[in-house]
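Read in order, the letters of the sequence shown are residues 9 to 526 in my numbering.
Notes for the one structure printed next.
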Amino acid sequence: MTTTATRPPQPDAAPGAPSKYLKASTLGLTTAAAIVTSLRGLPMMAKEEMTMFAYILFSVVLFLIPAGLVAAELGSAFGKKAGGLYTWIAAAFGKKLGFGVIFLSWIQVLVFYPTGLSFAAVGVAFATGKPELATNHVYVGIFAIAAFWLCTLAALVSNQFAAKVTQAGFMLGTVVPGLILIIGAIWWAASGHPLGWNHADDPAVSFTSNGHEQPRWFPHIVGLSGIAFLAGILLNFAGIESQAVHASELKNPGREYPIVIAIAAVMSFGIFTLGALAVAGILPYKDIDLTTGVFDAFNRMFQAMMGSTWPTYVMGVLITYGALAGILAWITGPSRGLLATAHDGLLPPFMQKVNARGVQSNILIIQACLVTLLCCIYFIVKDVSTAFFLISAMAVSLYLIIYMVMYAAAIRLRRTQPDLPRPFAIPGGRAGMGAFAGIGFAACLFAFVLAFVPPSQLPIGSPAMYVLMVAGGAIVFSAIPFIIERFKKPSWLPPEDVKKASLGPSGEHLPHPNPEPR
Numbered sequence: 009m010t011t012t013a014t015r016p017p018q019p020d021a022a023p024g025a026p027s028k029y030l031k032a033s034t035l036g037l038t039t040a041a042a043i044v045t046s047l048r049g050l051p052m053m054a055k056e057e058m059t060m061f062a063y064i065l066f067s068v069v070l071f072l073i074p075a076g077l078v079a080a081e082l083g084s085a086f087g088k089k090a091g092g093l094y095t096w097i098a099a100a101f102g103k104k105l106g107f108g109v110i111f112l113s114w115i116q117v118l119v120f121y122p123t124g125l126s127f128a129a130v131g132v133a134f135a136t137g138k139p140e141l142a143t144n145h146v147y148v149g150i151f152a153i154a155a156f157w158l159c160t161l162a163a164l165v166s167n168q169f170a171a172k173v174t175q176a177g178f179m180l181g182t183v184v185p186g187l188i189l190i191i192g193a194i195w196w197a198a199s200g201h202p203l204g205w206n207h208a209d210d211p212a213v214s215f216t217s218n219g220h221e222q223p224r225w226f227p228h229i230v231g232l233s234g235i236a237f238l239a240g241i242l243l244n245f246a247g248i249e250s251q252a253v254h255a256s257e258l259k260n261p262g263r264e265y266p267i268v269i270a271i272a273a274v275m276s277f278g279i280f281t282l283g284a285l286a287v288a289g290i291l292p293y294k295d296i297d298l299t300t301g302v303f304d305a306f307n308r309m310f311q312a313m314m315g316s317t318w319p320t321y322v323m324g325v326l327i328t329y330g331a332l333a334g335i336l337a338w339i340t341g342p343s344r345g346l347l348a349t350a351h352d353g354l355l356p357p358f359m360q361k362v363n364a365r366g367v368q369s370n371i372l373i374i375q376a377c378l379v380t381l382l383c384c385i386y387f388i389v390k391d392v393s394t395a396f397f398l399i400s401a402m403a404v405s406l407y408l409i410i411y412m413v414m415y416a417a418a419i420r421l422r423r424t425q426p427d428l429p430r431p432f433a434i435p436g437g438r439a440g441m442g443a444f445a446g447i448g449f450a451a452c453l454f455a456f457v458l459a460f461v462p463p464s465q466l467p468i469g470s471p472a473m474y475v476l477m478v479a480g481g482a483i484v485f486s487a488i489p490f491i492i493e494r495f496k497k498p499s500w501l502p503p504e505d506v507k508k509a510s511l512g513p514s515g516e517h518l519p520h521p522n523p524e525p526r
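Structural data, given as structure tokens:
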């Protein structure tokens, strides 16, 4: 829940100045919640065993921190304007590219939804005592479709209702199960149970020394396929920019926002690292499954601790709630940005419609229909883990494009609008911005290349088909907004903007700048 700190009255305060400010701790926790939407990414990290530290360090230092700082500057500079990424990119490169980026932001979340929904499906399977359903691709597909429509109905109630459900879901469905898993793993190690990473026999994560398997601490790089999981792990740390628009609501953005980034980075690092270590320590390497790994770890832990696995049913209920709450948290965000582009005349009028509570109803319905189609991939790809990673690769390729454009926009705005008020600014002037944004851009570009490389850890099947599907998805989805922009019509503008466009400076009528063809 967002709380505020009341600012003491200032005798010299400017008229109309805000009297309330967000606490750095509150914004830091909110940002962490936007990053850690569920525990679904833990098995993918655990699959890397001790080399996970290298991947997580890369993700935090070269991705999370630069993205947070750059987004903070842009968010504080344009905090009074709606649209988020759309507003930032449009200011630097024009509305056309701004629309392309916010549309991609919306699309990549659509591509992400099936992975989060599959994790919720696994939770229900374990909660009902039928874990075998977790690997049934037909069940996962049907559940994902039904659950997303349920989340959409919840989002249509109101933004306030969705926020309350999300906040409770983060605590009950992510933080609580995560802490129980971590505490259980500590008990597991203290009780003398074998640690999974000490017995991994895959050359990618271990090596033989004196006849014993030893875990690697740095990735064994014999080709890009060995580190292909980096792209998927990077996606777990995405989302820090979603709260950057609130930077200007801090009392002292220049001093406090770095604290916000530090809180979010430490919390996400702690939950992901300790949670992944718990899974890797409890489960043998060969038993770590990308979709069921968290629940398999709970089963094994509770069986050893209590001689029963019934608590896993409870964890299944809580984690399902957390996963669906994480989905709900993202349903209204990017779609709200898309609504801003619709009001700018870049989408048809029916996508400008909101219901009585101000929710972008038509966009949410279209979104649900598209997610239904994407979830059908579970009916086609029988191996759920492979489908899970394939969809994640599509999502991360799109998300990384967004981040690279965001970095480029921040660099350009420092040059083209140096006097733009920035309550929070990256120190060091243009050189400082070039360093942070440049590092972030290079990291994203490297991970973007990896998104098209089939991982050696999974039975992908035909590498050519894998690359074709991921690359095809990235190309098709990236092209859609520019095709829409090419065929947009003047009638898509709201009536008041159409009137402005047809009047000269003195109110005289002008020929329409883009008349309809006869």
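We put the CB at the ideal spot given by N, CA and C, even for glycine.
Every value quoted in this text rests on a predicted model; they were computed, and no experiment measured them.
**OP:** Please classify LEU189: does DSSP put it in a helix, a strand, or coil?
**Re:** helix
Original post:
Are the Cβ atoms of THR328 and ALA128 separated by less than 7 Å?
Top reply: yes
Subject >> CA nearest to the CA of ALA198, picked from LEU112, THR38, ARG430, GLY289 >> reply: GLY289
Original post:
Which two residues bound the contiguous alpha helix (DSSP H) that contains THR328?
Top reply: 318-339
Original post:
Rounded to whole angstroms, how far is the Cβ of GLY137 from the Cβ of MET309, which I believe are closer than 8 Å?
Top reply: With a Cβ gap of about 17 Å, GLY137 and MET309 do not count as contacting.
Original post:
Could you give the distance in angstroms between the alpha-carbon of SER369 and the alpha-carbon of TRP338?
Top reply: Taking the straight line joining both Cα atoms gives about 15 Å.
**OP:** Pick out whichever of HIS351, GLU140, VAL413, VAL173 has its Cα sitting closest to the Cα of THR299.
**Re:** GLU140
Subject >> Pairwise C-alpha distance: ALA455 and CYS159 >> reply: About 31 Å.
**OP:** Keeping to the same chain, check which residues put their C-beta closer than 6 Å to that of ALA445; ignore five residues upstream and five downstream.
**Re:** VAL78, TYR415, ALA418, ILE419, listed in sequence order.
Original post:
In angstroms, rounded to a whole number, what distance separates the CA positions of LYS55 and TRP205?
Top reply: 10 Å
Original post:
Is it the case that the Cβ atoms of TYR94 and GLY76 are separated by a distance below 7 Å?
Top reply: no
Original post:
Where does LEU258 fall in DSSP's three states?
Top reply: strand
Original post:
Excluding the five sequence neighbours on either side, which residues of its own chain have a C-beta within less than 7 Å of the C-beta of GLY442, listed in chain order?
Top reply: ILE419
**OP:** Alpha carbon to alpha carbon, how far is SER405 from ALA376? Give it in angstroms, no decimals.
**Re:** 22 Å
Original post:
Is LEU30 helix, strand or coil by DSSP?
Top reply: Under the three-state reduction of DSSP output, LEU30 falls in the strand class.
Subject >> Simplified DSSP state of GLY301, which is helix, strand or coil >> reply: helix
Subject >> Secondary structure of HIS201, DSSP reduced to three states >> reply: In the structure shown, the three-state DSSP call for HIS201 is coil.
Subject >> Among ILE194, VAL302, SER33, VAL117, nearest to GLY181 - alpha-carbon criterion >> reply: VAL302
Subject >> Closest residue to VAL322 among ILE335, GLY315, ALA333, ASN307 (Cα-Cα distance) >> reply: ASN307
Original post:
How big is the Cα-Cα spacing for LEU258 and THR34?
Top reply: Rounded to the nearest whole angstrom, the CA to CA distance from LEU258 to THR34 is 10 Å.
**OP:** Could you check which residue in VAL146, LYS104, VAL130 has the C-alpha nearest to that of MET486?
**Re:** The question names Met, yet the displayed sequence has Ser at residue 486. Nearest C-alpha to SER486: LYS104.
Original post:
Cα separation between SER46 and LEU336?
Top reply: 12 Å
Original post:
Between VAL173 and VAL165, what straight-line distance do the alpha-carbon atoms span, to the nearest angstrom?
Top reply: 11 Å
Original post:
For VAL184, which three-state DSSP category applies?
Top reply: helix
Subject >> Span separating the alpha-carbon of ALA162 from that of PHE169 >> reply: 8 Å
Original post:
Would you report the Cα separation of THR59 and ILE73, rounded to the nearest angstrom?
Top reply: 21 Å
Original post:
Would you say TRP500 and GLY345 are within 7 Å of each other, going by their C-beta atoms?
Top reply: no
Original post:
For PHE120, which three-state DSSP category applies?
Top reply: DSSP, read as helix, strand or coil, puts PHE120 in helix.
Original post:
Excluding the five sequence neighbours on either side, which residues of its own chain have a C-beta within less than 7 Å of the C-beta of GLU493, listed in chain order?
Top reply: LYS104, PHE107, LEU354
Subject >> Limits of the alpha helix (DSSP H) - the one that PRO489 falls within >> reply: 471-494
Subject >> Proximity winner among VAL413, MET473, ILE434, PRO426, relative to PHE101 (alpha-carbon distances) >> reply: VAL413
**OP:** Taking ALA142 and ALA133 to be in contact with their CB atoms under 8 Å, please state how far apart those CB atoms are, rounded to whole angstroms.
**Re:** 4 Å
**OP:** Give me the Cβ distance between THR305 and MET402, rounded to the nearest whole Å; I'm assuming they're in contact under 8 Å.
**Re:** One detail in the question is off: residue 305 reads as Ala in this sequence, not Thr. Contact doesn't hold; Cβ gap of about 27 Å is too wide.
Subject >> Minimum C-alpha distance to ILE434 - residue among LEU30, GLU264, PHE245 >> reply: GLU264
Subject >> Sequence-distant residues of the same chain with beta carbon closer than 7 Å to ILE190, five excluded per side >> reply: LEU282, GLY283, ALA286
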